[in-house]
Structures are given as structure tokens and as C-alpha cells.
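Engineer:
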Amino acid sequence: MAAISSTYKDPSDSFIWWIEGDRIAIATLTGDANTRETSRSSYKAVQLGVSTSYQADGSTDNDLGAAINDTTGTSITVEYATGFSANDLIKVDDEIMKVVSVTNSTTIVVVRGYHNTTAATHVDATLIYELDVITDGFVISYYAEPDKLAAINSSTSIDIDNALQPLLIDYVKGQALLDEAVKQKDPNTSQIKATIGEKFLANFREGLRKFGAKKNDKIGGTRAVVPANLK
Amino acid sequence: MAAIEFNGKEIYSRVLQAVPGLSENYVLNLINQGLIEIGQHSQKIEHAKADLVDTQMWYTLDDDRAVTINKVFRCAIKNDEGDYVIIPRLLPGSLKTFDVETTSVSTTFTEL
Chain A
2 MAAISSTYKD
12 PSDSFIWWIE
22 GDRIAIATLT
32 GDANTRETSR
42 SSYKAVQLGV
52 STSYQADGST
62 DNDLGAAIND
72 TTGTSITVEY
82 ATGFSANDLI
92 KVDDEIMKVV
102 SVTNSTTIVV
112 VRGYHNTTAA
122 THVDATLIYE
132 LDVITDGFVI
142 SYYAEPDKLA
152 AINSSTSIDI
162 DNALQPLLID
172 YVKGQALLDE
182 AVKQKDPNTS
192 QIKATIGEKF
202 LANFREGLRK
212 FGAKKNDKIG
222 GTRAVVPANL
232 K
Chain B
89 MAAIEFNGKE
99 IYSRVLQAVP
109 GLSENYVLNL
119 INQGLIEIGQ
129 HSQKIEHAKA
139 DLVDTQMWYT
149 LDDDRAVTIN
159 KVFRCAIKND
169 EGDYVIIPRL
179 LPGSLKTFDV
189 ETTSVSTTFT
199 EL
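What follows is the structure, encoded as C-alpha cells:
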């Protein structure tokens, strides 16, 4: 399996990331896997390399052992299957396949049309390339959205911090009271429900604000929280 | 696991004390509305991993049920010793020029 080349001084010095819309970009500042140019300030996709697959002797090309005549079959015949292992990515013509398992010395099971390539037919003896990939090569840390509650029952807990759960109750009460206020015919009753509802919602918003200001490591003891009405 | 944790039934029960007669479905919708509201705030940190692929610059952040990404704030890459090294973020608004532009492909993130 491939790895970031040791010719990089340090990934923290060579790589950079950013977000655009709903996608993350990971790029090298300049150069490729073996060089680090300093005269240009452009970004380039990480180049891990594509290498020819060889048979056991290390010099004979590893080819398809039989033609692939369909675009759905997942068991394919190669000259030398033993050199592959699960999760390897191979490239045959323009199609990328992910190796699922090795069946025997000449057969592998693959996922066809991997990484948005199109599954296609391939003639016998087509050269196989190994696409370099770093499994679990990067980790992102992110602020997560809470999971949707599917049903009201006693077995499913709410996917938020415990400190926020009373606030969620306040939110539901507040919104429900506001909805109730709209339905009242008596303006006084409506006004009372709306006022109480607003108080619940204000408590919800204030609690969220305090939660954001609080340290959550639970190790360092009590932390100061900015007073709510601090001007 | 904390000592005190509410489930949907308990929240429903608490809400009924303030506003009697509400249906379960109505409260369920309000709970999920509240969760969306809470989700706007940075209140829960998670991590996910994905494969780094040759010459692929863009990785889609599919917001599915398994990985619900609100805002990415850190990225680390595995080096040749198997350690994850935090890499810097390009400041928003920075001018970007590219040697190679690649298209996005479907990316499967796995929550850690």
C-alpha cells in the first residue's frame, strides 16, 4: 500500500486543505511526490503514483488472464492474483476497480467502476496498473449535526450533549406555546401563552450561548461562564 | 454514559405538562426542529476518515446519516510512518491557482 513519500519534509509543511461548497480539497503546495518547488505558488493534487503490476518475478507484466466481456461481473481472471490484496485499487484501461478478495492464484473479486469510473469491457492480456491509494489516508475533524429523532419512544436517546437536553425541552415547550397562542380566540389567553413561550425560547437561546462559552473537557474543573447580561 | 439522559418519551411527557393535548407526531417534529436549531451551533465534535487517492484533489463531503458534517475545522494526513499529521488550512479568500484540476468523485467517509 502506498504511503506519503518520505521525500516530503513533513506533511504539515507540504500539504494544505480548504473547503469549497460541499467538498474538501487536499493539495500539495507545489511540486509532486518527489520534488518541492519553491518558485511557484500553485496547488496540485497529491500524486501518489500509478505503477505497473508485475508478476512474481518482479519484471513480467501482470495482465488480464481473460477478456472481461461484461460490465457487471466482479470475478476477473488475471495472470498473477497473489500479488493483490483486499482494498488495492487497480486500473484496467480507464476503469478503476477495487480488490475485494483474492479467490485463487489467477482470480480476484473486485468492485467494478470504482471512484466514478465507468465499468467497461476489456480484451484479454490488457495490462493491469496498480493505483496508489493511502487507506484511511486523511482524517477530518468536524462539528457534527445531531441525528434526527426517528420516533418518540423510551429506548432512543437524543443525540446531543446532556447539558443541552433541558434546553431542547424548553425549545419544544416554547414553540408549542407559540403555536397554541395563535389558535386562541381570547386575546388575553393568547398573549399569556405567547409570553410564556417566548420566555422558554429565550431560555433556550441563552442556554445555547452559555454552552458555547463553556469549556467541555470535564477535566479542568469548573470554568467561568460569561454572565448572561454582561454589557 | 451520563447519569441523566432524556429519551423521546420523557421529553414528550415533560412538554405535555406545559402544553397538554399535543400529539406525539407534533412533538416529534418540534424536537427535530430543535435539533436542527442546536445543530447550527458548534456543540459536537466528531472525526471521520477516508482514503487519499492518487491525483485526486477534491473529496465530497456527503452529508448522510452516518456522517453529518456541519463544519470541518481540522484535517490530518497519514505520513509514511502511519502517524496522522495535522496540515494547515488555506485561509478563506486566498487566491488559488492550480497545476492540476481534478474532478470530484464520490467519497466514503467513515466516522471514527
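From first to last, the protein sequence lines stand for chains A and B. So this note's numbering is basically just the index in the first sequence, starting at one, shifted up by 1. So this note's numbering is basically just the index in the second sequence, starting at one, shifted up by 88. For every residue, glycine included, the Cβ atom is placed at its ideal position computed from N, Cα and C.
1. Residues in the same chain with beta-carbon distance under 7 Å from I175/B, minus the five sequence neighbours each way, listed in chain order, please.
2. Kindly say whether D95/A, judged by its beta-carbon, lies nearer than 7 Å to any beta-carbon of chain B.
3. Does the separation of the CB atoms of E80/A and G66/A fall below 7 Å?
4. Looking at chain B, is there any beta carbon in it that lies within less than 7 Å of the beta carbon of L65/A?
5. How would you write the range of the beta strand (DSSP E) that S102/A sits in, first residue to last?
6. Identify whether L149/B lies in helix, strand or coil by the three-state DSSP scheme.
7. Count the other C-beta atoms from every protein chain shown that fall within 10 angstroms of the C-beta of T195/B, then say buried if there are 16 or more, exposed otherwise.
8. Alpha carbon to alpha carbon, how far is E131/A from T78/A? Give it in angstroms, no decimals.
9. Tell me whether G109/B is buried or exposed, calling it buried when 16 or more other Cβ atoms sit within 10 Å of its Cβ.
10. Let me check one thing: in DSSP terms, what residues is I197/A bridge-paired to?
11. Indicate the three-state DSSP secondary structure (helix, strand or coil) for K132/B in the structure shown.
12. Y143/A CB to nearest chain B CB: under 7 Å?
13. By alpha-carbon positions, which one of E169/B, F94/B, T198/B, V155/B ends up nearest to Y144/A?
14. Helix, strand or coil for Y100/B? Go by DSSP, reduced to three states.
15. Could you give the C-beta distance for G122/B and V173/A, rounded to a whole number, given that I count them as a contact under 8 Å?
16. Strictly by DSSP, which residues pair up with D62/A?
17. Taking the alpha-carbon of T122/A as reference, which of S156/A, V100/A, G74/A, K194/A has the nearest alpha-carbon?
Structural biologist: Reading off the structure:
1. Locating residue 175/B in the second sequence gives position 87, where the first residue counts as 1. Residues C163, A164, I165 of the same chain have their beta carbon placed closer than 7 Å to that of I175/B, with the five preceding and five following residues left out of the count.
2. Locating residue 95/A in the first sequence gives position 94, counting from the first residue. For D95/A, no CB of chain B lies under 7 Å from its own CB, so it is not counted at the interface with that chain.
3. The count along the first sequence starts at 1 and reaches residue 80/A at position 79. The count along the first sequence starts at 1 and reaches residue 66/A at position 65. Cβ distance < 7 Å, so E80/A and G66/A count as in contact.
4. Residue 65/A sits at position 64 when you count from the first residue of the first sequence. Answer no: the Cβ-Cβ gap between L65/A and chain B never drops below 7 Å.
5. Position 101 of the first sequence holds residue 102/A. Residues 96-105.
6. The residue you call residue 149/B lines up with position 61 of the second sequence. Collapsing the DSSP output to three states places L149/B in coil.
7. Along the second sequence, read from residue 1 onward, the residue named residue 195/B stands at position 107. That one is buried.
8. Indexing the first sequence from 1 puts residue 78/A at position 77. Indexing the first sequence from 1 puts residue 131/A at position 130. The C-alpha of T78/A lies about 16 Å from the C-alpha of E131/A.
9. Within the second sequence, numbered from 1, the residue matching residue 109/B stands at position 21. By the neighbour-count rule (16 or more Cβ atoms within 10 Å), G109/B is not buried but exposed.
10. As a first step, residue 197/A must be located in the first sequence, where it is residue number 196. In DSSP, I197/A forms no bridge with anything.
11. Taking the first residue of the second sequence as 1, we reach residue 132/B at position 44. Correct three-state label for K132/B: coil.
12. Numbered from its first residue, the first sequence carries residue 143/A at position 142. Residue-level contact check: Y143/A touches chain B, since one or more beta carbons of chain B fall below 7 Å from its beta carbon.
13. By one-based count along the first sequence, residue 144/A stands at place 143. For Y144/A, the closest of E169/B, F94/B, T198/B, V155/B by C-alpha to C-alpha distance is V155/B.
14. For the purposes of this step, residue 100/B is identified with residue 12 of the second sequence, where counting begins at 1. Under the three-state reduction of DSSP, Y100/B is assigned to helix.
15. Taking the second sequence and counting its residues from 1, the one referred to as residue 122/B is at position 34. Taking the first sequence and counting its residues from 1, the one referred to as residue 173/A is at position 172. The C-beta distance from G122/B to V173/A rounds to 6 Å, short enough to meet the 8 Å contact threshold.
16. Translated into positions along the first sequence, residue 62/A becomes position 61. Looking at the DSSP assignment, D62/A forms a beta bridge with Y55/A.
17. Translated into the one-based positions of the first sequence, residue 122/A becomes position 121. Ranking the options by Cα distance to T122/A, first place goes to G74/A.
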